[in-house]
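Student:
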Amino acid sequence: MVGLWWGNYRLHNPLLIEETQEQLYQMYSEGAIKPLIHSSINFKDLPQALELIESRKSYGKVVIKVV
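Those letters in the sequence shown? Residues -5 to 61, by my numbering.
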């Protein structure tokens, strides 16, 4: 899986978003999908995380930890 374009769901079938998200959680918990994690950053360092994404220096997911 490469990704989902949530904007398309919101535009054409917004009720499907919650169901699809639940299916993704289920697939993840079963090990059927494994997202590529680039980095895991504390919420206090959010500007750094956003810079990684904006500058396109990240690959995979940038996870924000809320502790």
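Quick reminder that beta carbons are idealized off the backbone N, C-alpha and C, glycines included. All values derive from a computational prediction rather than experimental measurement.
(1) With 16 as the cutoff for other CB atoms within 10 Å, does Ala26 come out buried or exposed?
(2) Straight-line CA distance for Lys38 to Leu46?
(3) How many angstroms separate the CA atom of Val61 from the CA atom of His32?
(4) Quick one: give me the first and last residue of the beta strand (DSSP E) that Ile58 is part of.
(5) How about Pro29 and Lys55: are their beta carbons less than 7 angstroms apart?
Tutor: The answer reads as follows:
(1) exposed
(2) 15 angstroms
(3) Distance from the CA atom of Val61 to the CA atom of His32, rounded to whole angstroms, is 19 angstroms.
(4) Lys55 to Lys59
(5) yes
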